[in-house]
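Here is the structure we will look at.
Protein chains: 2
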Amino acid sequence: MSTVTITDVAKHVGVSVATISRHLSGFTVRNEEKIRQAIIDLNYRPSAAARNLKSGRTGIIAIVVPDITNPFFASIVEGAEGAVGEDRMILLVNTGDSRQREEKALAQLFGRVDGVIMAPLTEDEEGPSFFSQFGLPIVFVDRVTQDGEKFSTALTDNAKGATIATNHLIALGHKKIAMISGPLSTTPGKKRADGFKASLKESGLPCQYFIESDFSEEGGYAAMSALLEREDAPTAVFTANNLMTIGALHALRDRGVAVPNQISIIGFDDLDFAELINPPLTVIARDARLQGALAMELMIKQLTNGASTQPEHSMVDVQLVERGSCAPPREMQTIAFNKVDR
Amino acid sequence: MSTVTITDVAKHVGVSVATISRHLSGFTVRNEEKIRQAIIDLNYRPSAAARNLKSGRTGIIAIVVPDITNPFFASIVEGAEGAVGEDRMILLVNTGDSRQREEKALAQLFGRVDGVIMAPLTEDEEGPSFFSQFGLPIVFVDRVTQDGEKFSTALTDNAKGATIATNHLIALGHKKIAMISGPLSTTPGKKRADGFKASLKESGLPCQYFIESDFSEEGGYAAMSALLEREDAPTAVFTANNLMTIGALHALRDRGVAVPNQISIIGFDDLDFAELINPPLTVIARDARLQGALAMELMIKQLTNGASTQPEHSMVDVQLVERGSCAPPREMQTIAFNKVDR
DNA sequence: TTGTACGCGTTATCAT
DNA sequence: ATGATAACGCGTACAA
């Protein structure tokens with residue numbers, strides 16, 4: 001147990017604690033060498049707790065995500081980690097998609113961290129107001145809450161991504177286009193659904209195959225299965241996140257539905273193995289690491305500039321990555337196949 | 001800024017700070033209701049820093065992993081998170097495979113956390129002696145350092161997994177079996193290589209296709225490419241972790257090598273999409289979440305029982321998950337194909 | 001049951 | 001440049 005304090009070092013060297021403290025803070029003092037040696041000999045480490053108490057700061061930034069095993073959030077965390085810098089650390093909270101855990105975590109966080117980067121479960125939360133009430137800086141990443149405008153955000157251009165995906169399918173000639181959507185209570189869920197519906201409307205297509213699911217692999221599986229059950233099944237589907245895409249692919253595989261011959265599929269968020277599956281998966285991609293890094297930068301800016309900082313909003317761009325999972329609908333394939341599939 | 005302290009509450013109610021403190025600790029005091037109300041009215045939150053200083057504990061357990069975007073480590077973290085309990089939290093440190101960051105993080109951790117669960121970069125580190133010197137409880141997960149025996153560990157039965165994988169290939173009739181190994185300086189790297197070599201030797205097969213790589217996707221790609229370059233290429237390959245498996249699959253795909261007809265492949269660690277690729281991937285699987293949970297349990301046990309606790313070692317089992325990526329070598333396929341592939 | 005007063009380890013202020 | 005000391009906010013032994 002390192003029960004050795006600054007006082008012990010001071011006594012050992014024969015100076016006052018103030019001198020040791022100053023040396024630690026980088027000031028020039030008299031017995032530099034002796035002090036350095038004493039610190040090593042005694043194995044002295046400053047107490048973080050005492051420093052926190054004195055300074056009111058902890059040097060720790062919390063990052064709250066719904067599910068760390070989702071590769072997207074893992075990348076967000078990695079990006080944030082990379083941008084946190086030398087003298088701060090990250091406290092990860094994985095809420096496991098549980099509102100209870102999220103609330104509890106938020107309460108616990110106060111006083112332990114200097115700020116919170118968070119991807120809230122849903123938009124209708126009181127968490128953030130809770131924090132703003134206490135003056136703890138907060139930055140939203142990927143998702144916001146209702147009064148999210150008042151805080152800095154690092155989001156994705158969700159609507160644009162959904163529009164690109166939908167238009168891609170429309171351009172291929174699809175008329176019966178499905179969307180397996182995320183919860184409309186979340187930012188990305190809502191925005192992507194909006195983008196999808198807007199594209200459909202613009203092209204004069206009806207919105208007949210819209211399923212609100214839950215961003216999970218199981219949800220994607222169930223939704224895709226339901227879609228395939230329908231008498232008049234869609235010829236193309238847009239899945240609103242990586243996990244649901246995986247689930248949908250499993251459903252397709254289990255039922256022996258051929259992609260893209262029988263159905264086209266495009267997912268939001270790239271997957272590590274998108275090129276390995278057969279056919280390679282066409283997706284809307286974005287740089288999640290960058291998004292995490294941006295969130296951290298916004299947080300550090302707030303921490304540096306103080307409470308008076310104006311909230312800033314950064315946006316990560318999306319792009320279409322065409323691989324092989326989208327093709328014209330079957331009735332058009334003899335005409336357009338060559339043009340599109342290669 | 002929540003600059004409201006316990007003193008403010010005490011004054012507001014008209015009692016002493018001790019009474020408030022006792023109330024907070026769950027003791028029965030006189031003005032329960034008034035106190036409760038005052039706490040709400042004033043928005044009082046106990047200072048974690050002050051509590052830490054007093055108690056010497058932080059309620060935070062650090063978990064140090066090399067790469068959080070590796071799904072395996074993400075699952076470890078998730079498992080640990082699930083077992084951490086109500087009144088503790090997790091501090092995640094992602095070292096990004098950098099020894100520097102790892103060392104720095106360890107130093108920063110002291111005083112901020114009650115214990116450290118860690119997957120060290122390599123076995124030849126001084127980290128643990130560093131910790132034992134300071135009396136900070138430590139539990140190794142997935143990997144240990146040289147003197148790891150002295151600490152609690154939550155490992156996988158790596159040698160067994162490698163043996164099962166290798167024997168599976170041998171049983172199919174393969175003679176030219178390659179291994180794309182992890183760094184021999186790491187626990188899993190070394191143990192899996194040992195298991196592979198032992199199996200070969202037991203069957204009287206030479207070890208001609210052993211490549212030490214680095215557990216990364218790029219490394220797996222390079223190693224697989226090198227293997228395919230060889231005049232007398234192997235007919236089967238065992239990849240020592242998930243990322244290298246992905247890399248190897250990419251290399252195979254890029255060169256148009258058919259699996260399992262031209263080459264069989266089996267990987268250590270299951271993949272989310274193992275069933276989605278063509279052919280579905282045969283793997284050695286283990287329960288990473290359980291492993292993380294076990295590590296956390298060992299840590300909590302140590303924290304509860306104090307420094308006198310004897311180190312314990314828990315082991316997570318492995319199992320063969322046969323899918324479609326392994327078949328007899330080409331020259332035998334006419335004979336054995338039916339028997340094995342279905 | 002309640003209040004007083006001290007200590008936890010550090011940093012900052014004030015004199016020297 | 002240095003030393004003594006107050007203060008950070010909380011918990012708790014001690015006395016009442």
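From first to last, the protein sequence lines are chains A and B.
Mapping to full-length UniProt numbering: the first sequence position 40 is 40, numbers consecutive.
Mapping to full-length UniProt numbering: the second sequence position 14 is 14, numbers consecutive.
Beta carbons: idealized from backbone N, C-alpha and C, even for Gly.
Is the CB of residue i under 9 Å away from at least one CB in chain A?
i              : result
residue 16(B)  : no
residue 96(B)  : yes
residue 104(B) : yes
residue 342(B) : Residue placement at residue 342(B) is poorly supported in this model, since its pLDDT is 32, which falls under 50; the coordinates are not used for a value here.
residue 331(B) : no
residue 337(B) : Here the model assigns residue 337(B) a pLDDT of 39, short of 50, so the residue's position is not dependable, and the following value carries that caveat. So no, residue 337(B) is outside the interface.
residue 5(B)   : no
residue 123(B) : no
residue 33(B)  : no
residue 312(B) : no
residue 86(B)  : yes
Using a Cβ cut-off of 7 Å, pull out every chain B residue sitting near residue i, in sequence order please.
i              : result
residue 12(A)  : Those do not exist, as residue 12(A) stays about 18 Å from chain B at its closest Cβ, beyond 7 Å.
residue 188(A) : In chain order: nothing, as chain B lies at least about 20 Å away.
residue 343(A) : Nothing can be reported for residue 343(A), as the shown portion of chain A is limited to 1 through 342.
residue 78(A)  : 68, 69 and 94
In chain A, what lies closer than 8 Å to residue i by C-beta?
i             : result
residue 75(B) : 69
Sort out for me which residues DSSP pairs residue i with in a bridge.
i              : result
residue 235(A) : According to DSSP, residue 235(A) bridges with nothing at all.
residue 148(A) : DSSP, once it has assigned bridges, lists no residue as partnering residue 148(A).
residue 366(B) : Only positions 1 to 342 of chain B appear in the structure, and residue 366(B) is not among them; the question remains open.
residue 155(A) : 315(A)
residue 94(B)  : 65(B)
residue 181(B) : 212(B)
residue 140(A) : 118(A) and 153(A)
residue 89(A)  : 60(A)
residue 73(A)  : Answer by DSSP bridge pairing: none, since residue 73(A) is not bridged.
Measure from the C-beta of residue i to each C-beta in chain B and report whether the shortest distance is under 9 Å.
i              : result
residue 56(A)  : yes
residue 257(A) : no
residue 81(A)  : yes
residue 164(A) : no
residue 322(A) : no
residue 218(A) : no
residue 126(A) : no
residue 325(A) : no
Please list, in chain order, the chain B residues whose beta carbon lies closer than 9 Å to that of residue i.
i             : result
residue 91(A) : 60, 89, 90, 91 and 92
residue 53(A) : 47, 49, 50, 52 and 53
Along chain B, which residues have their Cβ under 8 Å away from the Cβ of residue i?
i              : result
residue 154(A) : None at all; the shortest Cβ gap to chain B is about 18 Å.
Item to check | Contacting positions in the region 264-297 of chain B - beta carbon closer than 8 Å to chain A | outcome: 271, 272, 273, 275, 276, 277 and 278
Item to check | In chain order, each alpha helix (DSSP H) run of at least 4 residues that lies wholly inside the region 186-216 of chain B | outcome: DSSP runs (the alpha helix (DSSP H)) wholly in the region 186-216 of chain B: 187-202.
Checklist entry - What residues in the region 226-258 of chain B have a beta carbon less than 8 Å from any beta carbon of chain A? => result 246, 249, 250 and 253
Checklist entry - Along the chain, which unbroken stretches of the alpha helix (DSSP H) at least 4 residues long are found entirely within the region 259-333 of chain A? => result Those alpha helix (DSSP H) runs which fall completely within the region 259-333 of chain A and span 4+ residues are 288-305.
Next on the checklist: Against chain B, which members of the region 199-210 of chain A pass a CB distance test of less than 9 Å?
Outcome noted: none
Checklist entry - Going along the chain, which unbroken runs of the alpha helix (DSSP H) with 4 or more residues stay wholly within the UniProt domain "HTH lacI-type" (4-55) of chain B? => result 6-13, 17-24, 32-42 and 48-55
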